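Going by full-length UniProt numbering, the first residue of the sequence shown is number 1, and it counts up by one from there.
Where a beta carbon is used, it is the ideal one built from N, C-alpha and C, also for glycine.
Since the structure is predicted, the reported quantities are computational estimates derived from the model, not experimental observations.
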Amino acid sequence: MPAFLPGDTGLSQAVQRRSIQETGAPCCRGPQIQFADDMQEFTKFPTKTGRRSLSRSISQSSTDSYSSAASYTDSSDDEVSPREKQQTNSKGSSNFCVKNIKQAEFGRREIEIAEQDMSALISLRKRAQGEKPLAGAKIVGCTHITAQTAVLIETLCALGAQCRWSACNIYSTQNEVAAALAEAGVAVFAWKGESEDDFWWCIDRCVNVDGWQANMILDDGGDLTHWVYKKYPNVFKKIRGIVEESVTGVHRLYQLSKAGKLCVPAMNVNDSVTKQKFDNLYCCRESILDGLKRTTDVMFGGKQVVVCGYGEVGKGCCAALKALGAIVYVTEIDPICALQACMDGFRVVKLSEVIRQVDVVITCTGNKNVVTREHLDRMKNSCIVCNMGHSNTEIDVTSLRTPELTWERVRSQVDHVIWPDGKRVVLLAEGRLLNLSCSTVPTFVLSITATTQVGTLQGRGAKGGLLSVPMCVCNRVPWPFSCHVVSPSIGSPNAGEGATCVPLIPAFLSPFQTNTSPACTCLRSTPT
1 MPAFLPGDTG
11 LSQAVQRRSI
21 QETGAPCCRG
31 PQIQFADDMQ
41 EFTKFPTKTG
51 RRSLSRSISQ
61 SSTDSYSSAA
71 SYTDSSDDEV
81 SPREKQQTNS
91 KGSSNFCVKN
101 IKQAEFGRRE
111 IEIAEQDMSA
121 LISLRKRAQG
131 EKPLAGAKIV
141 GCTHITAQTA
151 VLIETLCALG
161 AQCRWSACNI
171 YSTQNEVAAA
181 LAEAGVAVFA
191 WKGESEDDFW
201 WCIDRCVNVD
211 GWQANMILDD
221 GGDLTHWVYK
231 KYPNVFKKIR
241 GIVEESVTGV
251 HRLYQLSKAG
261 KLCVPAMNVN
271 DSVTKQKFDN
281 LYCCRESILD
291 GLKRTTDVMF
301 GGKQVVVCGY
311 GEVGKGCCAA
321 LKALGAIVYV
331 TEIDPICALQ
341 ACMDGFRVVK
351 LSEVIRQVDV
361 VITCTGNKNV
371 VTREHLDRMK
381 NSCIVCNMGH
391 SNTEIDVTSL
401 RTPELTWERV
411 RSQVDHVIWP
421 DGKRVVLLAE
431 GRLLNLSCST
441 VPTFVLSITA
451 TTQVGTLQGR
461 GAKGGLLSVP
471 MCVCNRVPWP
481 FSCHVVSPSI
491 GSPNAGEGAT
501 CVPLIPAFLS
511 PFQTNTSPAC
521 TCLRSTPT
């Protein structure tokens, strides 16, 4: 059976001709499908109008069909940029900028569904909202705006914080969820398909506010921290704490700290036990396949795949692909992780050794230029390239925007980059985060990470001697200006609360075991 890509009108025209020949009238079974006339080409330097056109084409994505509000989207909404529209919520407030505030009802439904699988976070909200432990906290956030994030934001507000929010990825925002947050009174500035200019404008609107100054930053990728540091140094000096959840953002914080420029305490959530062992591993193990299947429809049995990086994200990706029968190679600079890859049955190679033969290239390092133009030039025809790290710089996409290469949008979030000799490389989400740009992520796992973030902001584990951001807000304890890893005492209880949703029976130490040193060899022969 032939496959018809979006934009292929051959099937539609054939059906119409047959209908007219048989009945004298066009086929009228259900709503008519509208196909694009021509494939869109992208220039190296799109104009402002061109960027808006690109944003419009991206916002009506095939992945939107998985959200409840997709059928509600009005085509007239795409004619005007959200920045130019005057919108107010039911309370008369216009302190937000979203795609369409009318989608709030659908977004609320998405949030309520997410809450059903985020028991750990909801339990924390119910337990602490009466105490208002975050009263006085003014949090500016820059994360993916999804239904799961909305539950996190509303939890922070319920605990007494004031929040302003923008998106850390121009493709991952759920428009209906952003509308629901705006309707609830949250100052949110985000929509799916932002241009680069829109992206920084939204961040600036969150930070640059008359009569309101943030004292906490909750970041994903470091863009918000970078913007405040560069554009508003006086505000940055008054920030009491930064919470960063991605490896890319953590790298940037450590660079600031090494240069002696990090003048505020920061928390590294990415390296916390709960983030590494649950979010990075299990979330990516499932969502990598979801994103690849939705965008490419490729069968992975027998395909050769190279995964760049064997951290927790890389481990999840490799395990998922291996389970489908793919032949998986790994590139890794850390000798420990490289040895782990070998012990797990993967061949550790240099990217340059296998780049000509692999069918799929996946980056998940959190670093820059992992896949360079030289690698892209040497790839085989129809090689699929995607990124599971946070930053869009892991793949050198900028080097592909040259006159000799042609860009062809074949479906939402899928571009064919065509070389002069006819070779095509399939680029997904323009090198941005695949799973949140092209698919969805498991709510349950994100609940554990979100609860860790809230626990960090509340200051749980402060007595243990590790950084507590709210302690800095309350001026109780002076903490060193550095980047600190979240204490296990913050994350472990949250994972335990999440475990109530799955069928497991945890074991407990006996009083004798609790009072005995783990190093004592007599435990080995102790009868149970």
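Nearest CA to the CA of residue i: which residue from the options?
{"i": "D223", "options": "N280, M216 and G249", "result": "G249"}
{"i": "F106", "options": "A182, S287, D290 and Q357", "result": "A182"}
{"i": "K237", "options": "V264, V358 and I122", "result": "V264"}
{"i": "S287", "options": "V445, S439 and S391", "result": "S439"}
{"i": "E112", "options": "L152, N89, S382 and V98", "result": "L152"}
{"i": "C383", "options": "D344, R424 and R409", "result": "R424"}
{"i": "W191", "options": "Q162, H144 and G221", "result": "H144"}
{"i": "V209", "options": "Y232, E194, E196 and G221", "result": "Y232"}
{"i": "C163", "options": "I203, R83 and R109", "result": "I203"}
{"i": "E404", "options": "D421, V177 and C342", "result": "D421"}
{"i": "L156", "options": "G221, T402 and R125", "result": "R125"}
{"i": "A104", "options": "A150, L134, G291 and K85", "result": "A150"}
{"i": "A178", "options": "V348, T331 and V188", "result": "V188"}
{"i": "C284", "options": "H416, I362, G185 and V330", "result": "I362"}
{"i": "V417", "options": "V397, R432, V273 and S166", "result": "V397"}
{"i": "G366", "options": "Y171, G309, V305 and S399", "result": "G309"}
{"i": "D220", "options": "Q174, C168, V186 and S195", "result": "C168"}
{"i": "G431", "options": "D415, C206 and F444", "result": "D415"}
{"i": "T393", "options": "D359, T402, A429 and T406", "result": "A429"}
{"i": "E154", "options": "E176, A180 and T173", "result": "A180"}
{"i": "N89", "options": "S81, R83, N100 and V80", "result": "N100"}
{"i": "C318", "options": "G345, T296 and V298", "result": "G345"}
So what's residue i in DSSP terms, helix, strand or just coil?
{"i": "R424", "result": "strand"}
{"i": "H416", "result": "strand"}
{"i": "R205", "result": "helix"}
{"i": "Q340", "result": "helix"}
{"i": "T149", "result": "helix"}
{"i": "P470", "result": "At P470 the pLDDT is 40, less than 50, meaning the model places this residue with poor confidence and gives no usable figure here."}
{"i": "N234", "result": "helix"}
{"i": "R240", "result": "coil"}
{"i": "C317", "result": "helix"}
{"i": "W212", "result": "strand"}
{"i": "D297", "result": "coil"}
{"i": "W191", "result": "coil"}
{"i": "D219", "result": "strand"}
{"i": "N175", "result": "helix"}
{"i": "E154", "result": "helix"}
{"i": "E394", "result": "coil"}
{"i": "V273", "result": "helix"}
{"i": "T143", "result": "strand"}
{"i": "A259", "result": "coil"}
{"i": "P168", "result": "In the sequence as presented, Pro is not what sits at residue 168; that position holds Cys. Of the three classes helix, strand and coil, the one that applies to C168 here is coil, per DSSP."}
{"i": "Y254", "result": "helix"}
{"i": "I355", "result": "coil"}
{"i": "P511", "result": "helix"}
{"i": "K102", "result": "helix"}
{"i": "S59", "result": "Bear in mind that the predicted position of S59 carries a pLDDT of just 35, short of 50, making it too unreliable to give a figure here."}
{"i": "V80", "result": "coil"}
{"i": "E131", "result": "coil"}
{"i": "G311", "result": "coil"}
From the DSSP output, read off the bridge partner residues of residue i.
{"i": "K138", "result": "Q162"}
{"i": "T402", "result": "According to DSSP, T402 bridges with nothing at all."}
{"i": "V305", "result": "V328 and V360"}
{"i": "L433", "result": "N387"}
{"i": "E408", "result": "H416"}
{"i": "R347", "result": "Y329"}
{"i": "K97", "result": "Per the sequence shown, residue 97 should be read as Cys rather than Lys. Looking at the DSSP assignment, C97 forms a beta bridge with F189."}
Could you check whether the Cβ of residue i sits closer than 6 Å to any heavy atom belonging to the ligand SAM?
{"i": "E110", "result": "Looking at this structure, you won't find the ligand SAM or any other ligand, since it has none at all."}
Inset, instruction - Would you check if the stretch 444-459 and the stretch 227-246 touch, i.e. whether three or more CB-CB distances between them fall below 8 Å? - result: yes
Inset, instruction - Could you say if the stretch 124-131 and the stretch 90-106 meet the contact criterion of at least three C-beta pairs nearer than 8 Å? - result: no
Inset, instruction - Determine contact between the stretch 280-293 and the stretch 334-346, defined as no fewer than three beta-carbon pairs at a distance below 8 Å. - result: no
Legend entry - Stretch-stretch touch, CB-based, cutoff 8 Å, three pairs: the stretch 376-386 with the stretch 256-276: no
Legend entry - Sufficient close CB pairs (3 or more, under 8 Å) joining the stretch 210-222 to the stretch 138-146: yes
Legend entry - At least three beta-carbon pairs within less than 8 Å, the stretch 224-231 to the stretch 363-376: no
Legend entry - Within the stretch 358-383, ranges of the beta strand (DSSP E) (whole runs, at least 3 residues): 360-363
Inset, instruction - Kindly confirm or deny that the stretch 443-452 and the stretch 113-128 touch, where touching means at least three C-beta pairs closer than 8 Å. - result: yes
Inset, instruction - Could you tell me whether the stretch 269-277 touches the stretch 405-420, using the rule of 3 or more Cβ pairs below 8 Å? - result: no
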